[in-house]
Structure formats: structure tokens, C-alpha cells
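Enquirer:
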Amino acid sequence: METIELREYWAIVQRWWWLLILCALPGGGGAYLVSRQMEPTYEASTLLMIGDSLDAVNPTTGELQTSEKLAQTYAELIKTRSILGAVQDALSLPDKPEVFVTILRGTQLVRVTAGDSHPQRAAAIANEVAEQLVQQSPSASQREEQAYREFVRLQLQDLEEEIAALTRAIAEARASGSAAEATRLQDELNLRRESYSSLLTYMRSSATNHIRVIEPAQVPESPVRPKVIQNSLPAAVLGLMLAGGVAFLIEYLDDSIRGPGDIEDRLGLAILGTIARTAESGASLMPISLTDPESVIAEAYRILYTNVRYSLPVGDGRRVYLVTSVAPSEGKTTTATNLAIAMARAGRRTILVDADMRRPRYFACLEYPIAWGSALYWWVRQRMWGRRSNPHRWRGCGSCRVAPVHPTPPNCRVQNGWPSCWTS
């Protein structure tokens, strides 16, 4: 494929902007309408914590690792039928609730997210999942053990006070020189420290497999789905891309010529001249080189003649130029007449021959009566059989003569089949 510059891309967009809009608007509008008609979905989240490491002054690495592994286990347990079924029965839901579980990386936190079409029910599902998980974990028996754990906590406080008092007493006994008393107090201190260590180990071990609700679910205010804008924009962009692909495919397959650059790029031909388009006004078809010889368009025809003349090798001076096109009404008559005038005014003896047997136009350009118009026929007779018949001199155009055609010959194929008129 030929290299296309950015300005050519922009030119393609300017030509096909209507197609781009025609595909982008229905795509985005359709996605918007569909999204607006979809049932909204609300989400509510509950944050759980596995273990009581935050309550410990110096939690150990083993406790933290155990809590993280338990968090993964509980995350899988939430997805089971025992938890979701219990939630469905507790809330009298028609279907199994939609629940998502996320473990916060590197922590003991588990986030439970519930989705539902009603915001109040979404929050109730998330909180009920947390409640069912607590009931099916060792945390459920914590209520019975709460009194004992409180007793152990108070014992730890008493032991801390006793250990502090014994430590001071030992220091005083050693200062007074009573070695026996210091030894006795040291034995009591060791016993208190062993009791404190045992009670502290119990408290920590019982708290590792414990579930606590850190943040209960709140009723959401706005739905999370459908995302109307997020759905509409990609649909519009997709329609825009499809339209752009179609436009560029059409441009790639289209081999029509739109400008001088296309002729040079696709055909490898040099541009001899560029003539501006003129609108026909009134009934007069007189060439602009006669009506307005000082105009920019008349000058463009003179430049065209100069380029045509010097683009060919030098010969005996006689030239035959054919002005043609691939479709009707593309300016053959206008170009040929103005080019002939430019040649004649440059001092060249010129004969302008109307070779279009089907749609002759020169008789109208000359503004002569139609009665004399079969001049080409008689001129061809002169060239073939030597019979005298001269082309008509163009009024006000010096050495330029014209051989028009009118009326149209009955058989154009036979008429065009006389090769001697072009070669003699």
C-alpha cells in the first residue's frame, strides 16, 4: 500500500465525516438506551479481621502468618453452600446471594461484597454472611468463654503488679545484705513469671482463630452497574472505528483521480496545466479566451499551450493534438477551443476539428447558423478526393479555422473510419 501522509488521513476524515457520525451516534446511543433499561445492581461490603493481633503489644511472626493462612481458608469457606445457604434461609431470599470475597494482600483482613438489585438487601446480605461465618468459626464459643478470658486478663494484671513489687523487694534485700531473703523473693518472682507466661500464651492462642467484624456493611447510595457512560463511550468508539475502517477501505479500493497529485502518483504523468472550473452562464458558449482574454483562466490556457508545445520533441512544426476524456461533459470542447485560440494568437496556423460525431458542440461555440454546419463532412471530402472545401475562419481569432459537425452524421462508425483525412 502506498504511504499515506497525515494530511491525506485528514482529507479522508473530512470526506467521510458523515459516515463516522452516522456509525458513532447509533452505537453510543444504542448502548446508552440499553444501559438505562438494565436493572441496577448495588454492592455493599463488610470488612472482617482474622485474629486479634492488633490487640497484642508485640505480635509474633508466627501469629501473623497463621492469621493470614486462616484468612485464605475463611475466604474459601464463604463461597460454600453451608454459608450461602444459611444466608439465603435467614433472609428468605428467592435465589442464592451474589457474594464476592477479597483478601487484602499481606494482611489478615477479608472483604465480603454482596450485590443485589435493592440497596438495603445488599447491605443485609453482606452483614449476614459475616454473621454466619462467625457462627461457624471458633469465635461462636467466645461468648461462653468471655468470662474466663476476662478472669485471665485480670490475673495477668495482678501478676504484672506482683512481679513489679517482687522486683523492687529483691533489690532492697540485696541492698540490705540479706542474701537468704533475696533468694526467697527470687524464687517467688520466677513462679510469678512462669504463671504470667502461661496465661499470656493462652490468651494469644485463643485469639489467633478469632473473627471480628471491623467495618459492617452500609446501605449503598448509588448502583455500581450498569455504568451508562462507560458502556456508551466504548460503543461509540467501536462504531467510529468500524466506520473509519470502511472509509479507509473504500479509499484504498477507489482508483478515481481527485487532483493533480493523484495523476502524478498513480499514473506517473506530468501535469501540463491546471484550469479552474467555470460555470456556464446564459446561452453563450463563447470561449473565455475570446470574451475575457486578460482573465486568469485565459492565461492558464496560454500556459497550457506553452507546456504542451515544449513538452514534445522539435519536428517540422506540424502537430495533431487530441483532446479527450473518459466521460462526457468533462470540458473537452472548452479546453480544445481555448487551446486552439491560444495557439492561433501565438502565431500558429490552427484548425479546430470537432470529432465528436454524437454530441457536436463547436457549432454552438461559433454562434453561426446551423444551416452551414456539416463543414467537417465537406472538409473530409476535400482531404480524400481533392474537392475544394475550406474550414470556416473563426471570427476574431486570426489564423484559427474551425471544422464543426452539424447535423449529426447518420452513421458515426463509418464516418470515423476514414483514416486518410488524418494522415494526408
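Its first residue numbered 1, the sequence shown is counted upward by one per residue in the numbering used here. The beta-carbon is built from N, C-alpha and C at its ideal position, and this holds for glycine as well.
(1) Determine the contact status of leucine 47 and glutamate 215, defining contact as a CB-CB distance below 8 Å.
(2) With DSSP as the reference, please indicate the residues paired to alanine 24 in a beta bridge.
(3) State the start and end residues of the unbroken beta strand (DSSP E) segment that holds threonine 46.
(4) What did DSSP end up calling arginine 387 once you bin it into helix, strand or coil?
(5) At which residues does the beta strand (DSSP E) containing aspartate 265 begin and terminate?
(6) When the Cα atoms are used, what is the spatial distance from isoleucine 125 to leucine 156?
(7) Can you grab the Cα-Cα spacing for the pair serine 325 / lysine 332, in whole Å?
(8) Are there 16 or more other CB atoms within 10 angstroms of the CB of aspartate 158, so buried, or fewer, so exposed?
(9) Within the same chain, show all residues whose beta-carbon is closer than 8 Å to that of valine 414, passing over the 5 residues directly before and after it, in chain order.
(10) Which residues bound the beta strand (DSSP E) around glutamate 116?
(11) For a quick check, are the C-beta atoms of tyrosine 305 and isoleucine 275 less than 8 Å apart?
(12) Hey, which unbroken runs of the beta strand (DSSP E) at 3 residues or more fall wholly within the segment 275-338?
(13) Just to check my reading of the structure: threonine 41 and serine 137 have Cβ atoms closer than 8 Å, yes? What is that Cβ distance to the nearest angstrom?
(14) So does glutamate 128 have its beta carbon nearer than 7 Å to some heavy atom of the ligand GTP?
(15) By alpha-carbon positions, which one of Ala182, Phe100, Cys23 and Arg121 ends up nearest to alanine 236?
(16) Please report the Cβ distance between glycine 27 and leucine 238, rounded to the nearest whole angstrom; I am assuming they are in contact, meaning their Cβ atoms lie under 8 Å.
(17) Mind checking which residues open and close the beta strand (DSSP E) that includes valine 87?
(18) On a Cα-Cα basis, can you pick out the residue from Tyr321, Pro260 and Val219 that is closest to glycine 273?
(19) Please check the pair leucine 322 and alanine 340, which I expect to be a contact at CB under 8 Å, by giving their CB distance rounded to whole angstroms.
(20) Using a Cβ-Cβ cutoff of less than 8 Å, which residues in the same chain neighbour proline 369 once the five nearest sequence positions on both sides are dropped?
(21) Does DSSP put valine 101 in a helix, a strand or coil?
(22) Going by other Cβ atoms of all chains shown within 10 Å of its Cβ, with 16 needed for buried, is threonine 80 buried or exposed?
(23) Between which residues of its own chain and valine 228 is the CB-CB distance below 7 Å, once the five residues before and five after are set aside?
(24) Are proline 491 and methionine 38 close, meaning C-beta to C-beta below 8 Å?
(25) Leaving out five residues before and five after valine 101 in sequence, what residues of the same chain have Cβ atoms less than 7 Å from its Cβ?
(26) Taking the beta carbon of alanine 71 as the centre, do at least 16 other beta carbons fall within 10 Å, making it buried, or is it exposed?
(27) Return the Cβ separation of isoleucine 170 and leucine 191 in integer angstroms, given the expectation that the two are a contact with Cβ distance under 8 Å.
(28) Under the assumption that glutamine 132 contacts isoleucine 83 (Cβ atoms under 8 Å), give the Cβ distance between them as a whole number of angstroms.
(29) Taking the alpha-carbon positions, what's the valine 224 to leucine 267 distance?
(30) Shortest alpha-carbon distance to threonine 107 belongs to which of Ile50, Thr337 and Val13?
Expert: From the atom records:
(1) For this step, residue 47 is matched to residue 47 along the sequence shown. For this step, residue 215 is matched to residue 215 along the sequence shown. Result yes, Cβ atoms of leucine 47 and glutamate 215 sit closer than 8 Å.
(2) Indexing the sequence shown from 1 puts residue 24 at position 24. Beta-bridge annotation (DSSP): alanine 24 is not paired with any residue.
(3) Numbered from 1 along the sequence shown, position 46 holds the residue referred to as residue 46. Here the beta strand (DSSP E) through threonine 46 covers 42-50.
(4) Reading the sequence shown from its first residue, position 387 is the one you call residue 387. For arginine 387, the predicted structure reports a pLDDT of 45, less than 50, and the residue's modelled location is therefore unreliable. A value from the coordinates is still provided. Assignment of arginine 387 by DSSP, reduced to helix, strand and coil, places it in the coil class.
(5) Position 265 of the sequence shown, counted from the first residue, corresponds to residue 265. Premise fails: aspartate 265 is in no beta strand (DSSP E) and is neither H nor E.
(6) Here the question's residue 125 lines up with position 125 in the sequence shown. Here the question's residue 156 lines up with position 156 in the sequence shown. For isoleucine 125 and leucine 156, the distance between alpha carbons rounds to 40 Å.
(7) Sequence index remark: in the sequence shown, residue 325 carries index 325 (1-based). Sequence index remark: in the sequence shown, residue 332 carries index 332 (1-based). Annotation: serine 325 to lysine 332 spans about 7 Å, alpha carbon to alpha carbon.
(8) Translated into the one-based positions of the sequence shown, residue 158 becomes position 158. By the neighbour-count definition (other C-beta atoms within 10 Å, threshold 16), aspartate 158 is an exposed residue.
(9) For the purposes of this step, residue 414 is taken as the residue at position 414 of the sequence shown. Note that valine 414 scores a pLDDT of 47, beneath 50, so its modelled location is shaky; the value from the coordinates is reported in the next line. Take valine 414, set aside five residues on each side of it, and no residue of its chain has a beta-carbon closer than 8 Å to its own.
(10) Within the sequence shown, numbered from 1, the residue matching residue 116 stands at position 116. Rather than glutamate, the amino acid found at residue 116 in this sequence is aspartate. Element bounds for aspartate 116: 109-116.
(11) Taking the sequence shown and counting its residues from 1, the one referred to as residue 305 is at position 305. Taking the sequence shown and counting its residues from 1, the one referred to as residue 275 is at position 275. Against a cut-off of 8 Å, the Cβ pair of isoleucine 275 and tyrosine 305 comes out as no contact.
(12) If you keep only unbroken beta strand (DSSP E) runs of at least 3 residues inside the segment 275-338, you get nothing at all.
(13) For this step, residue 41 is matched to residue 41 along the sequence shown. For this step, residue 137 is matched to residue 137 along the sequence shown. The pair is not a contact, with the Cβ atoms about 29 Å apart (cut-off 8 Å).
(14) The ligand GTP is absent from the structure shown, which contains no ligands of any kind.
(15) Within the sequence shown, the letter at position 236 stands for residue 236. Each of Ala182, Phe100, Cys23 and Arg121 was checked against the Cα of alanine 236, and the nearest Cα belongs to Cys23.
(16) In the sequence shown, counting from the first residue as 1, residue 27 sits at position 27. In the sequence shown, counting from the first residue as 1, residue 238 sits at position 238. With 8 Å as the limit, glycine 27 and leucine 238 qualify as a contact, their Cβ atoms being about 6 Å apart.
(17) Taking the first residue of the sequence shown as position 1, residue 87 is located at position 87. Note, valine 87: premise wrong, no beta strand (DSSP E); alpha helix (DSSP H) at 81-91.
(18) Start at 1 with the first residue of the sequence shown, and residue 273 comes out as number 273. Ranked by how close their Cα comes to the Cα of glycine 273, the residues Tyr321, Pro260 and Val219 have Pro260 in first place.
(19) Here residue 322 corresponds to residue number 322 of the sequence shown, with the count starting at 1. Here residue 340 corresponds to residue number 340 of the sequence shown, with the count starting at 1. About 13 Å separates the Cβ atoms of leucine 322 and alanine 340, ruling out a contact at the 8 Å cut-off.
(20) Reading the sequence shown from its first residue, position 369 is the one you call residue 369. Any reading at proline 369 is ruled out, since the residue's pLDDT is 43, under 50, leaving its predicted position unreliable.
(21) Mapped onto the sequence shown, residue 101 falls at position 101. It is a strand residue.
(22) Working through the sequence shown from its first residue, we reach residue 80 at position 80. So threonine 80 ends up on the exposed side.
(23) Position 228 of the sequence shown, counting from 1, holds the residue named residue 228. The answer, listed in chain order, is Tyr32, Ser35 and Arg36.
(24) Outside the displayed span of the chain (1 to 424) sits residue 491, for which this structure offers no information.
(25) Along the sequence shown, read from residue 1 onward, the residue named residue 101 stands at position 101. Excluding residues within five positions, the ones whose Cβ falls inside 7 Å are Ala75, Ile78, Lys79, Val110 and Val112.
(26) Counted from its first residue, the sequence shown places residue 71 at position 71. Answer is buried; the Cβ neighbour count reaches 16.
(27) Residue numbering aside, residue 170 sits at position 170 when the sequence shown is read from its first letter. Residue numbering aside, residue 191 sits at position 191 when the sequence shown is read from its first letter. Actually they do not touch by this definition, with Cβ atoms about 13 Å apart.
(28) Translated into the one-based positions of the sequence shown, residue 132 becomes position 132. Translated into the one-based positions of the sequence shown, residue 83 becomes position 83. That belief holds up - the Cβ atoms of glutamine 132 and isoleucine 83 are roughly 5 Å apart, short of 8 Å.
(29) Position 224 of the sequence shown, counted from the first residue, corresponds to residue 224. Position 267 of the sequence shown, counted from the first residue, corresponds to residue 267. Between valine 224 and leucine 267, the C-alpha separation is close to 59 Å.
(30) Here residue 107 corresponds to residue number 107 of the sequence shown, with the count starting at 1. From the listed residues Ile50, Thr337 and Val13, the smallest Cα separation to threonine 107 is found for Ile50.
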